[in-house]
Structures are given as C-alpha cells and as structure tokens.
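In the numbering used here, the protein residues as written are 375 to 777.
Backbone N, C-alpha and C define an ideal beta-carbon position, used for all residues, glycine too.
What follows is a single structure, written as structure tokens, with notes after it.
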C-alpha cells in the first residue's frame, strides 16, 4: 500500500520529515533544518524519482560531491576528514579509488568469504540456546563489525570501541548516541588516531590484512598519505559496519512481515538467494540520501537548477518509485530484475563494498533460517532518529532454542 499524507504540498518540509512528493512535485525545494553548531544553509533541491536520481549520479561533472555529501555545509577540512573518497571528485577520487581497490583483490575477497561463513556460524552458535535476543546487537551488527575489523587487522579486544564510535558518527541527531557536532568530531578523531597507530604498526610489522595492503599500494608512483589513510579508515569501518547491519536488520523484519515470501525463499534457498539479497537491500535502503552540488545551470526532472545549488538524491524514495517499480511497497524475494539504488545509483561513487555486503547478507540468513527456522521479530523495532541512516537500534527476536 502506498503511504499518503494529508499535508498540502507547500507544507511538506523534507528538512524535517521523511515525506515524499514524487507524484506532484518530484524535484522540489526545501529549507534546511537547524543543526547545532552549523550555520543554517540556503536550502536544497530534493530529487525523489528513480530516473532523476540515476541521471544525477551518472553525471559526475554537473553534480559533484566535493562540496559535501550531507545536507548541512561543512568546512572543506571536515568534508575530507569525514568523507574520504565519497566527498571527492575526479581526478583525485579516481586515483584514491584505484589505491584503495588494492585492498580488495580477488584473493582478499576469497579469504573474506570464508571468514564470513565462520563468523556467521559463531554468531548463531552464541544466540541459538537462548530462545530470544536483541537481533541488532547480537546478530546483525556482530557480523559486519567482526568482518571489517578482521579485514583491517583490528584485534577483537578493540571491536566494542569501534562499534561505539561508528554509532556516534552515524547517530548524530539521536540523543542516545550524539547530540552535537563536538561529539561527532571527537569520535571521528579517535578513529583517525587509531588508524594512524595501526598503520604505524604495519609499517614496521606488515601482516596479511587490508591495512598493510593500503599502506603498500601504489598508483603512478604515489601512495596513500597518512591523512588519506585515516579518512578512508573512518569511511571503511563506518560504512562497512553500519550499512550492512541495517540491511540485515530490515531483512529480518521484512521476512517476519511477509511470511509467504520467507517460505518461498526457504523452499529453494540457494536459487532464490541472489534475488532475495537484492530485495533486502532495496527494502532497507540503509543510506537514505546523499547530496551533490550543481556545477552549472542544469535541468533535472523538468526543474531548472542553478550553479551552486544543493541537490539531494533520496535513494529510499527512488527505491519506492511507482513509475519504475511494480508494487514497490511489497517485499518480493524473487523480484527480477532489481536494479535498486541501495548501493548508490551508478557512476564513480558506487559502493566499493557492495559484493562484500551481498555475501554477508546471504550467509547470515543462510545460517539463521536453516538453524533457527522459526526466528521472528516480536514488537516494533527501536528506530534510529536520523534523516540520513535508515537504522534500527534494537529489535527483539524469538525462536525455538537450538544447539
């Protein structure tokens, strides 16, 4: 069923509410919300239709990322500190992406695939005898956190602190995690300093991990600077942890809410798994939006945009666009094709870790649904208060205890 609102079009403010205007005003202008410590910005264009989001994403010359990817303006230094590659444009983005891709070789990914299975089994082993658990912390968050930390060579004793810091960085606006920009900066600085110490250790004692691969990688005779390494480390542990965690959490909720789709998947798990995983990512759309900035006067969706205007691409709206999707508000485990925008909408900023995320989602549900076949969500999830991340903080599940 398509959600509706009683509000007049001019009363809908996307700076405050997650309400959409796809049908009547698919490209619309909105005031920015007030953020403590940040000057109020000039407003932004909300792009809500699938075709327009894809078009803006693919045109990286007219719609750039280098002025920031969040709606409020940050200083150039903070953009680089927090965003790494996602806040850069060519040619620097191209060079940096080539460098960091050295840490994601086929050999590395093969090793990681084996680790994903082992860690997923370990997670289910821990919860299986209990009969109930908080799905987010004990299952959905545990897998990507352990995998990304293991890939980077972070010892298990530090995993909990990394988890807490990523919660703060992507939880700004939720009083449980962070209420000010100072909290955000402090968390990012701690991660940055951790990355520097880890890199220093690998320079003297190299290991078979991505941190070592990143400090040794060269493109055209250049290596990552300490600043680039630290910024990319923040991006990697935050994006590699939070987004997959939320996809798995929303996937479990969807399989509870759509039992017929769950039964279809279980009847032929391996064959349906690729389609089901893509549908989980579409359904979850963990990153709600990213901003671009127009470099010249341009038109999108019939709306003239001026050079310098902020253009915000709403992926969760595009992934429910009735003009593109058949029955978009139904979870369909066999939806094919499924060209969702949950990993971005193409172009140079498509998610570097998309294949790893797909692997983690598939293996986690393989272990859960076969070993705990009646696992289901009980009650409403505790949602993250965020206009940027479609997050679930806590969600109770119950199941028949197993060994």
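Please work out which residues of its chain come closer than 8 Å, Cβ to Cβ, to residue i, disregarding the five sequence neighbours upstream and downstream, and give them in chain order.
i	result
residue 603	569, 570, 573, 588, 589
residue 507	501, 513, 770, 771
residue 757	765, 766, 767
residue 735	618, 621, 622, 625, 651, 654, 655
residue 391	Unreliable placement is indicated for residue 391, whose pLDDT of 40 sits below 50; no coordinate value is reported for it.
residue 464	434, 722
residue 712	649, 652, 653, 656
residue 576	527, 583, 585, 586, 589
Does the beta-carbon distance from residue i to residue j come in below 8 Å?
i	j	result
residue 656	residue 442	no
residue 675	residue 446	no
residue 751	residue 490	no
residue 516	residue 543	no
residue 650	residue 560	no
residue 536	residue 566	no
residue 552	residue 662	no
residue 690	residue 714	no
residue 658	residue 669	no
residue 511	residue 539	no
residue 705	residue 643	no
residue 640	residue 730	no
residue 605	residue 458	yes
residue 724	residue 424	no
residue 763	residue 616	yes
residue 505	residue 773	yes
Check the DSSP bridge columns for residue i and list the partner residues they point to.
i	result
residue 402	420
residue 508	770
residue 674	677
residue 687	421, 664
residue 437	668
residue 763	661
residue 428	According to DSSP, which records beta bridges pairwise, residue 428 is partnered with nothing at all.
residue 527	Paired residue(s): none; residue 527 is not in a bridge.
residue 552	546
Keeping to the same chain, check which residues put their C-beta closer than 7 Å to that of residue i; ignore five residues upstream and five downstream.
i	result
residue 430	421, 437, 666, 674, 685, 687
residue 487	733
residue 406	389, 414, 415, 417, 418, 445, 446
residue 583	525, 526, 527
residue 493	517, 520, 521
residue 467	459, 722
residue 581	527
If you drop the 5 nearest sequence neighbours on each side, which residues of the same chain put their C-beta closer than 6 Å to that of residue i?
i	result
residue 434	721, 722
residue 503	775
Between residue i and residue j, which are expected to be in contact by the criterion C-beta below 8 Å, what is the C-beta distance as a whole number of angstroms?
i	j	result
residue 660	residue 716	7 Å
residue 473	residue 611	Residue 473 to residue 611, Cβ: 18 Å. No contact.
residue 495	residue 696	That pair is no contact at about 40 Å.
residue 628	residue 427	Contact doesn't hold; Cβ gap of about 22 Å is too wide.
residue 759	residue 547	6 Å
Unbroken stretches of the alpha helix (DSSP H), 4 residues or longer, contained in the stretch 721-759: 728-745
Which complete alpha helix (DSSP H) runs does the stretch 596-638 hold, if anything under 4 residues is left out? 600-631
Secondary structure, alpha helix (DSSP H): runs of 4+ residues fully inside the stretch 462-507: 466-475, 480-501
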